[in-house]
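Residue numbers (my numbering): 22 to 195.
Take a look at the structure:
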């Protein structure tokens, strides 16, 4: 956030529910930068607020994830081909894990054009395109072992706590 704000011109600050959004120009384009807070609820709430108040054409989300894919190394960049909320578990009602009950929503796909642009702008770091599993749980080594089944069932490459909820809100708003 600080790196983006250092390049923002005509910056205006907006506060909502303890969150601060910064609107202005980045690289000559209108942009809004905001830190969402930790967890799916904060991320979804922040995304909803930004969409309602700013009507963005594009939402970019960045964060930190843990590798589930053994080919990934610390410092690698993972671009999400899609996200799934692994802790949405209504299997007892007959829905596959990650499926929002009574909807067709399970895997939230990234925009192909934005994915291509992100891949083309890659730095010197190793870059992967993979599936991100999202859940309200900080995954340490012991918890990662418990995710082995989900990794196999959902085909996850990395795990984190917000991206799937951001993708869910963006999908609903198109």
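We put the CB at the ideal spot given by N, CA and C, even for glycine.
Here the structure is a predicted model, which is why all the values come from computation and not from measurement.
For residue j and residue i, believed in contact at Cβ under 8 Å, the rounded distance
i           : j           : result
residue 157 : residue 56  : Contact flag wrong, Cβ pair sits at about 18 Å.
residue 175 : residue 105 : 6 Å
residue 67  : residue 40  : 6 Å
residue 89  : residue 179 : 6 Å
residue 189 : residue 65  : 7 Å
residue 192 : residue 116 : With 8 Å as the limit, residue 192 and residue 116 do not qualify as a contact, their Cβ atoms being about 17 Å apart.
residue 150 : residue 136 : 7 Å
residue 118 : residue 171 : 7 Å
residue 53  : residue 77  : 7 Å
Run of the beta strand (DSSP E) containing residue i, from where it starts to where it stops
i          : result
residue 40 : 40-47
residue 31 : 30-37
Range covered by the alpha helix (DSSP H) that runs through residue i
i           : result
residue 170 : 169-175
residue 78  : That residue, residue 78, is in no alpha helix (DSSP H); it is neither H nor E in DSSP.
residue 57  : From DSSP, residue 57 is part of no alpha helix (DSSP H); its letter is neither H nor E.
Bridge partner(s) assigned by DSSP for residue i
i           : result
residue 190 : Partner(s): none; residue 190 has no beta bridge.
residue 50  : 47
residue 181 : 155
- Message: Quick check on the DSSP output: what are the complete alpha helix (DSSP H) runs of length 4 or more inside the segment 84-166, in order along the chain?
- Response: 133-141
- Query: Between the segment 26-42 and the segment 147-155, do at least 3 Cβ pairs fall closer than 8 Å?
  - Reply: no
- Are the segment 93-104 and the segment 170-187 touching by the rule of at least three beta carbon pairs closer than 8 Å? yes
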